[in-house]
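Numbering (our numbering), first residue to last: 45 to 362.
One structure is given here, and the rest of the page talks about it.
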Ligand code: KMH
Ligand code: ZN
């Protein structure tokens, strides 16, 4: 069977990984855009972007910081497809999260498909609290056990209409089976139009567990609810070794893969990844062994029907 080329997304820095966990986490716009370049050169066609306060490393929704990151990407990795986060970080308002879409009109933006708890396993939380150095890191960890990631139907409608208006392709982040049904409701309302681009996020504490059974269940449910030809899917596995196991399973299922320091910081057991590119390169090796070709950004634009970087606001602004 001729398989689709493999789309590798790299989630460069995120909002839940804390700088005290790894010295390799990119923080400043320059570090983030350097990491984008390296990840792109290693084989990533899409980069998923969060912004951080350059001084403290705390997640930020500051549009000036996003703009600086985008300017760096335009210079260093102009071909890559940019997916901006609208998940943001704990404590950001809905308005703060979505504002990157009207401001930059990116080709792709994340679209989180339901409200949920979003935390860490108590053992991980204890360990993280023991290594956290900065006050904001400690505050984030304290908040996480009582945190609800709010994405009500009203929010979903608002996010979806905003992305439609600005011709940004929503990347549906599906953390649980119910999120597939939420997406179906938006489809029925005419707000989501197939082919959908969806991402199964497995192993978040508050969503489905990270294991093969959940991935098969999510895929079978999506086939029934959307129709097998109405969507393409990518897979996130949170943590090591699940990030790479999930990648191998996704490749075998004909899906696509996201890796990056947002989701996992280890390249091998007990060994920190020194860059996002190392994580991407490992997926490229797995794909090669399994006989799957890697998609370039322009392949992705055709596969997902993206509008092209020249038609984003940010490309013409930075
Ligand atoms: N942090 C990931 C588990 C977003 O940014 O909108 C999911 C994510 C969501 O990347
Ligand atoms: Zn993210």
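Cβ atoms here follow ideal geometry from the backbone N, Cα and C, with glycine treated the same way.
CB-CB length for residue i against residue j, believed under 8 Å
| i | j | result |
| --- | --- | --- |
| residue 134 | residue 187 | 5 Å |
| residue 344 | residue 90 | 6 Å |
| residue 87 | residue 311 | About 15 Å; that fails the 8 Å criterion. |
| residue 283 | residue 308 | 5 Å |
| residue 180 | residue 163 | Their Cβ separation, rounded to whole angstroms, is 17 Å, which puts residue 180 and residue 163 out of contact at 8 Å. |
| residue 71 | residue 63 | 6 Å |
| residue 107 | residue 336 | Incorrect: roughly 37 Å between the Cβ atoms, too far for contact. |
| residue 270 | residue 235 | The pair is not a contact, with the Cβ atoms about 14 Å apart (cut-off 8 Å). |
| residue 351 | residue 211 | 5 Å |
Status (buried if at least 16 other CB within 10 Å, exposed otherwise) for residue i
| i | result |
| --- | --- |
| residue 225 | exposed |
| residue 333 | exposed |
| residue 94 | buried |
| residue 257 | exposed |
| residue 346 | exposed |
| residue 41 | No statement about residue 41 is possible, as the shown extent of the chain runs from 45 to 362 and does not include it. |
| residue 361 | exposed |
| residue 313 | exposed |
| residue 254 | buried |
| residue 119 | exposed |
| residue 45 | Note that residue 45 scores a pLDDT of 46, beneath 50, so its modelled location is shaky; the value from the coordinates is reported in the next line. That one is exposed. |
Under 7 Å between C-beta atoms of residue i and residue j
| i | j | result |
| --- | --- | --- |
| residue 66 | residue 323 | no |
| residue 222 | residue 161 | no |
| residue 275 | residue 242 | yes |
| residue 73 | residue 117 | no |
| residue 83 | residue 54 | yes |
| residue 207 | residue 145 | yes |
| residue 357 | residue 148 | yes |
| residue 155 | residue 203 | yes |
| residue 279 | residue 304 | no |
| residue 115 | residue 80 | no |
| residue 252 | residue 217 | no |
| residue 157 | residue 227 | yes |
| residue 306 | residue 58 | yes |
| residue 185 | residue 173 | yes |
Residue-level contact to chain C via CB, residue i, 7 Å cutoff
| i | result |
| --- | --- |
| residue 351 | The chain inventory of the structure shown lacks chain C, comprising one protein chain alone. |
C-alpha gap between residue i and residue j, whole angstroms
| i | j | result |
| --- | --- | --- |
| residue 109 | residue 48 | 35 Å |
| residue 197 | residue 139 | 15 Å |
| residue 175 | residue 169 | 10 Å |
| residue 200 | residue 152 | 16 Å |
| residue 36 | residue 301 | Absent from the structure is residue 36, since the part of the chain shown begins at 45 and ends at 362. |
| residue 233 | residue 273 | 20 Å |
| residue 281 | residue 220 | 13 Å |
| residue 171 | residue 248 | 17 Å |
| residue 60 | residue 328 | 25 Å |
| residue 166 | residue 178 | 20 Å |
| residue 277 | residue 105 | 27 Å |
| residue 231 | residue 237 | 6 Å |
| residue 98 | residue 268 | 45 Å |
| residue 318 | residue 68 | 6 Å |
| residue 286 | residue 292 | 10 Å |
| residue 214 | residue 78 | 25 Å |
| residue 354 | residue 294 | 31 Å |
| residue 263 | residue 297 | 9 Å |
| residue 342 | residue 123 | 8 Å |
| residue 52 | residue 143 | 26 Å |
| residue 331 | residue 130 | 29 Å |
| residue 96 | residue 56 | 11 Å |
| residue 182 | residue 141 | 22 Å |
| residue 85 | residue 100 | 28 Å |
| residue 150 | residue 359 | 9 Å |
| residue 349 | residue 159 | 28 Å |
| residue 290 | residue 326 | 13 Å |
| residue 195 | residue 266 | 20 Å |
| residue 92 | residue 111 | 14 Å |
Environment of the ligand ZN in chain order, Cβ to heavy atom below 7 Å: 55, 58, 59, 92, 94, 129, 131, 154, 306
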